[in-house]
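These notes are about the structure you will find just below.
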Amino acid sequence: MNSDTALAKEDDPESISGQKAYIEYSKNVHAHSPAVQRLLDLSEDYVPGAERAFIQKGKPAVWCSGYNWEPAFLYSLGITPVSYGEMGRYSTREDMLVAEDFYQFPVETCSMVKCTVGQWHKRRNKGTINRILGSSSNCEPFNLAWEVMREQGYDVFNNEVIYRGPTVTGERLEQLIMFTVGQMKDAAFWLTGSREIDEGRLKTEIARKNRLLGKLKAVLELRRSHPFYMKTLAVILTLNVGLNNYFGKPEDYEEAVDELLGELRAAKVSERDLRDVIPLVWAGGTGQEFGVYESIDLAGGALLGLRSVPFRFYREDVPPLESLARWVYDNSSAGAGVYARNVLESEVERLGAKGVILYGYIGCSFASIDREMWRRYFHEKGLPCLNLEGSFQTGSPSGQVLTRVRAFVEMLAAGRARPAVKIPPARSA
Ligand code: SF4
210 MNSDTALAKE
220 DDPESISGQK
230 AYIEYSKNVH
240 AHSPAVQRLL
250 DLSEDYVPGA
260 ERAFIQKGKP
270 AVWCSGYNWE
280 PAFLYSLGIT
290 PVSYGEMGRY
300 STREDMLVAE
310 DFYQFPVETC
320 SMVKCTVGQW
330 HKRRNKGTIN
340 RILGSSSNCE
350 PFNLAWEVMR
360 EQGYDVFNNE
370 VIYRGPTVTG
380 ERLEQLIMFT
390 VGQMKDAAFW
400 LTGSREIDEG
410 RLKTEIARKN
420 RLLGKLKAVL
430 ELRRSHPFYM
440 KTLAVILTLN
450 VGLNNYFGKP
460 EDYEEAVDEL
470 LGELRAAKVS
480 ERDLRDVIPL
490 VWAGGTGQEF
500 GVYESIDLAG
510 GALLGLRSVP
520 FRFYREDVPP
530 LESLARWVYD
540 NSSAGAGVYA
550 RNVLESEVER
560 LGAKGVILYG
570 YIGCSFASID
580 REMWRRYFHE
590 KGLPCLNLEG
600 SFQTGSPSGQ
610 VLTRVRAFVE
620 MLAAGRARPA
630 VKIPPARSA
């Protein structure tokens with residue numbers, strides 16, 4: 210454990226309520242480097258900055274998932290992609306109640322959807338970003354959310370489900386890719402009134418994405434020698450969010466990443482950190498339950514690999530829309546859980562990870578099935594997994610979740626991890 214963790218304990222992160230406060234807490238208690246600080250600042254200003262630019266300068270912006278093909282596509286059209294998931298950190302219990310009582314979402318609906326709906330509700334007719342690029346691939350609760358928001362006056366476009374089954378290749382895959390290219394052209398029409406896109410600008414965006422993928426790959430490689438240089442919250446925000454959408458400011462994000470690379474290359478290797486580190490792989494999205502990340506730090510863990518970090522490069526030898534579509538079908542979010550599991554497994558092997566943290570939200574039925582399949586798979590290989598169900602936190606973090614994270618990492622640290630229990634194969638019905 211390094212010196213920062215001692216400081217953090219004094220501040221008792223469990224007393225923090227709300228995610229914005231967590232970022233401030235993290236800035237105060239950890240000695241973040243200038244580059245990491247800059248990345249946290251960019252993350253903090255992502256949604257407010259895009260809304261400011263939209264309202265004050267008329268800079269076009271669209272709410273969207275903020276990952277997959279959408280960001281490069283939107284930037285090429287001169288539009289800022291604003292990830293609706295990032296609104297979660299502004300949410301309160303009131304947002305959840307708006308979703309439940311005003312829009313009649315069932316109480317058990319995933320908190321991410323309820324927070325997002327509550328935030329959009331607050332923004333109705335306020336002159337801020339009013340277009341939503343939805344994706345049917347998200348989930349049924351979100352599909353409902355787009356429809357509800359359409360009725361509330363938002364301009365909504367919803368593209369079809371992207372799903373690649375485990376055995377889909379050849380002609381069927383080509384058909385899916387071309388279908389998705391057609392969907393992108395429909396989205397361009399919705400946004401600009403034309404199905405034509407500026408191929409030159411999109412190629413520039415794809416080149417930027419590939420360049421940044423290369424730089425972040427280098428960051429992750431360097432972190433193996435400097436596992437505690439970035440705290441877990443900063444790792445998640447930089448990689449799971451920033452690498453996808455650049456926090457709405459591509460040039461600033463790339464400059465901060467360059468600065469980070471410079472810092473990591475100049476940093477002195479600590480033999481003690483290398484000896485003490487508990488390498489972990491994170492198999493979840495960007496939870497807004499930031500206390501979980503803090504618990505990993507406090508327990509001496511280091512998130513060195515992530516399932517959702519997209520490390521395949523985009524093809525630059527095919528037309529740019531086709532390149533976006535091919536990338537989606539060729540990545541961990543292609544559909545079937547096996548694609549994500551393959552990424553996880555290669556990260557585990559590459560890093561010699563001691564454990565996997567599987568994180569998802571209460572109320573998400575399909576992600577919980579994936580997590581359970583992955584847990585079974587890794588257990589059979591003898592790798593400890595922690596399967597956590599959290600929420601889009603709208604108050605103090607759940608003490609139970611934090612305790613489980615700490616206990617898991619501390620168990621790995623103590624070298625007391627027993628070989629995982631062999632789970633018998635499921636009986637057929
Ligand atoms: S966690 Fe699951 S239910 Fe919630 S928004 Fe994501 S996909 Fe939908």
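Those letters in the sequence shown? Residues 210 to 638, by my numbering.
Where is the CB? At the ideal position from N, CA and C, for every residue including glycine.
Please tell me whether, using a cut-off of 7 Å, the distance from the CB of residue i to the nearest non-hydrogen atom of the ligand SF4 is below it.
i, result
"G546", "no"
"C324", "no"
"M321", "yes"
"G493", "no"
"C348", "yes"
"C273", "no"
"Y231", "no"
"F351", "yes"
"A576", "yes"
"G677", "The question about residue 677 has no answer, for the chain in this structure spans 210 to 638."
"C573", "yes"
"Y570", "yes"
Going by the CB atoms, is the gap between residue j and residue i shorter than 8 Å?
i, j, result
"E303", "G336", "no"
"L446", "L248", "yes"
"H330", "V365", "no"
"V557", "L592", "yes"
"V490", "L429", "no"
"A281", "K418", "yes"
"Y231", "F499", "yes"
"P451", "S285", "Note on residue identity: the sequence assigns Gly, not Pro, to residue 451. Their beta carbons are not under 8 Å apart, which means G451 does not touch S285 by this criterion."
"G569", "R585", "no"
"N453", "G275", "yes"
"R524", "V552", "no"
"E464", "P243", "no"
"L473", "L431", "yes"
"V466", "S434", "no"
"M393", "L567", "no"
"W355", "I341", "yes"
"G510", "V618", "yes"
"A270", "I288", "yes"
"C324", "M358", "no"
"A427", "L470", "yes"
"P290", "T318", "no"
"L385", "R373", "yes"
"V537", "N277", "yes"
"V518", "L448", "yes"
"K440", "P488", "no"
"Y255", "G457", "yes"
"E279", "V390", "no"
"P614", "V501", "Per the sequence shown, residue 614 should be read as Val rather than Pro. Taking 8 Å as the Cβ cut-off, V614 and V501 qualify as a contacting pair."
Taking residue i as the reference, which of the options has the closest Cα?
i, options, result
"D506", "S235, W355, A259, F398", "S235"
"Y363", "E589, T378, W272", "W272"
"A650", "Y502, I338, L382, L446", "With the chain covering 210 to 638 only, the question about residue 650 has no answer from this structure."
"R298", "D467, K229, T318, I264", "K229"
"V486", "L512, T325, K412", "L512"
"E414", "M358, P528, H588", "P528"
"A396", "A492, M305, N368", "N368"
"S574", "F282, S320, A270", "S320"
"W399", "N454, E463, E356, L283", "L283"
"M582", "V537, T318, G599, A492", "A492"
"N347", "V322, P436, E360, V377", "V322"
"Q361", "K412, Y312, V565", "Y312"
"Y455", "A616, D250, A240", "D250"
"G227", "I264, K266, S300, H239", "S300"
"E480", "M305, F437, Y462", "F437"
Using DSSP bridges, identify the partner residues of residue i.
i, result
"T289", "A270"
"C573", "For C573, which the question treats as bridged, DSSP gives no partner whatsoever."
"V565", "V490, C594"
"G343", "N367"
"L515", "W491"
"G599", "Y570"
Closer than 7 Å to a non-hydrogen atom of the ligand SAM - does that hold for the CB of residue i?
i, result
"V614", "In the structure shown, the ligand SAM is absent; the only ligands present are the ligand SF4."
Point to revise | Contiguous alpha helix (DSSP H) assignments of at least 4 residues, all confined to the segment 476 to 513 | key: 480 to 485, 499 to 507
Practice item. Mind listing, in chain order, the continuous beta strand (DSSP E) runs of no fewer than 3 residues lying wholly within the segment 347 to 429? Key: 364 to 368
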